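Participant: In our numbering, the protein residues as written are 3 to 327.
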Ligand code: GDP
């Protein structure tokens, strides 16, 4: 006989009581493409929403090999040692097709994964960044309802995923290495601009001096940007994730930022702005996918494309006909 479907009420009661198995299952519903699952996920989300929002959301990015997993493990252990509950989520759109996620990989955070006050979830899979990001945002709500007070969201420092993670977090941390050359040229301007702090990792094993030099250079670079809306001057810190050095300073800095941002109401203002952004973003995505998945549009689009190729129409005329339809 088939297992009875778990009711939404049971899901919500269990999540609010902090049940990790139910939290995991609810996230699986959020990530599902099955319409019935999505419907139940939405019911669970609505019921959890009043209990969400109370956490601090921290985005962490950096190129592969910079030490994100190692840092998050060390940082996460530090937080749980302070009595906090930490959820680690990831946004990695490239993990969709068979590649398997390298982010939020439990085998790379062996110690944190056995910590009962930590919850690690790899990136949802999906073909579009927008889809992956939306699922992660919804998972944040579930984690918060389950009592996680610190949400860490990891993403790789390539492509557009940093922007998505930046727009769902309160504090954005960029991990860098010293002496990797092109300190100032090689970094994408946009990412530096988004960072509330740069942490130079692997400041150990004879690399300390280079790390200090890099710190000065990054500080100089950060001062070239206009002041942030938050009034916060981004900081540069040194750390060794491997040797657990500098991790407490990173936490103290984030805590200082949060206290200041709450004092000025910037914290809530930013979250409201983020909510507006995601509302519009969701509409845009839905409109787009409805449009392209419409059977009549698909047919007309392929006709218009052949007309375009044979020089019988212009892109603008073709687009207009499609949009009118
Ligand atoms: P990720 O790809 O950004 O998640 O990087 P990992 O956390 O997997 O780290 C990549 C490599 O760098 C691993 O071999 C780590 O052991 C090493 N590593 C990470 N943090 C440090 C550090 O602070 N110091 C040193 N020396 N090595 C580190």
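A virtual CB, placed ideally from N, CA and C, is assigned to each residue, including glycine.
In this text, all values refer to a predicted model and were calculated from it rather than measured experimentally.
Compare the C-beta of residue 302 against all C-beta atoms of chain B and say whether one is closer than 7 Å.
Facilitator: Note that chain B does not occur in the displayed structure, where there is just one protein chain.
Participant: Roughly how many angstroms lie between the CA atoms of residue 22 and residue 307, to the nearest whole one?
Facilitator: Rounded to whole angstroms, residue 22 to residue 307 spans 50 Å at the Cα level.
Participant: Apply the 10 Å Cβ neighbour rule to residue 6 and answer buried if 16 or more other Cβ atoms are within range, or exposed otherwise.
Facilitator: It is exposed - the Cβ of residue 6 has fewer than 16 other Cβ atoms within 10 Å.
Participant: Check whether the Cβ atoms of residue 46 and residue 13 lie closer than 7 Å to each other.
Facilitator: Contact flag set, yes.
Participant: How would you call residue 11, buried or exposed, if buried means at least 16 neighbouring beta carbons within 10 angstroms?
Facilitator: When all chains shown are included, residue 11 counts as exposed.
Participant: Cβ-heavy atom distance between residue 217 and the ligand GDP below 6 Å?
Facilitator: No; taking the cut-off as 6 Å, the Cβ of residue 217 has no heavy atom of the ligand GDP nearer than that.
Participant: What do you get for residue 205, buried or exposed, if any count of 16 or more other CB atoms within 10 angstroms of its CB means buried?
Facilitator: Buried, because 16 or more other Cβ atoms sit within 10 Å of the Cβ of residue 205.
Participant: Jot down the residue ranges of each uninterrupted beta strand (DSSP E) in the region 122 to 174, minimum 3 residues, whole runs only, in chain order.
Facilitator: Correct list: 152 to 158.
Participant: With a threshold of 6 Å, establish whether the CB of residue 181 neighbours any heavy atom of the ligand GDP.
Facilitator: Flag unset: Cβ of residue 181 not near the ligand GDP.
Participant: Looking at residue 129 and the ligand GDP, is the gap between the Cβ and the nearest heavy atom below 6 Å?
Facilitator: Incorrect: residue 129 has no Cβ contact closer than 6 Å to the ligand GDP.
Participant: Would you say the beta carbon of residue 2 comes nearer than 6 Å to a heavy atom of the ligand GDP?
Facilitator: In the structure as shown, the chain starts at 3 and stops at 327, and residue 2 therefore has no counterpart that could be examined.
Participant: Give the DSSP-derived three-state secondary structure of residue 49 in the structure shown.
Facilitator: If DSSP states are grouped into helix, strand and coil, residue 49 belongs with the helices.
Participant: Identify every residue that forms a DSSP beta bridge with residue 62.
Facilitator: Per DSSP, 156 and 175.
Participant: My output table needs one value for residue 320: the three-state DSSP class, helix, strand or coil.
Facilitator: Helix, per DSSP.
Participant: Measure the alpha-carbon distance for residue 309 versus residue 322 and round it to whole angstroms.
Facilitator: Each residue's alpha carbon lies about 14 Å from the other.
Participant: Tell me whether residue 240 counts as near the ligand GDP, meaning its Cβ is closer than 6 Å to at least one heavy atom of that ligand.
Facilitator: Result no, Cβ not under 6 Å from the ligand GDP.
Participant: Kindly list the residues whose CB is nearer than 8 Å to the CB of residue 302, restricted to its own chain and excluding five residues on each side of it in sequence; keep chain order.
Facilitator: The residues are 323, 324 and 327.
Participant: Within 10 angstroms of its Cβ, does residue 38 collect 16 or more other Cβ (buried), or is it exposed?
Facilitator: With fewer than 16 other Cβ atoms within 10 Å, it is exposed.
Participant: Using CA coordinates, which residue listed in 114, 36, 24 and 294 is at the minimum distance from residue 333?
Facilitator: Since the displayed the chain opens at 3 and closes at 327, residue 333 lies outside it and no answer follows.
Participant: Mind checking whether the beta-carbon of residue 124 lies closer than 6 Å to any heavy atom of the ligand GDP?
Facilitator: Not under cutoff, so the answer is no.
Participant: Cutting at 7 Å between CB atoms, please list the residues of its own chain near residue 40, excluding the five before and the five after it.
Facilitator: Only 34 meet the Cβ criterion.
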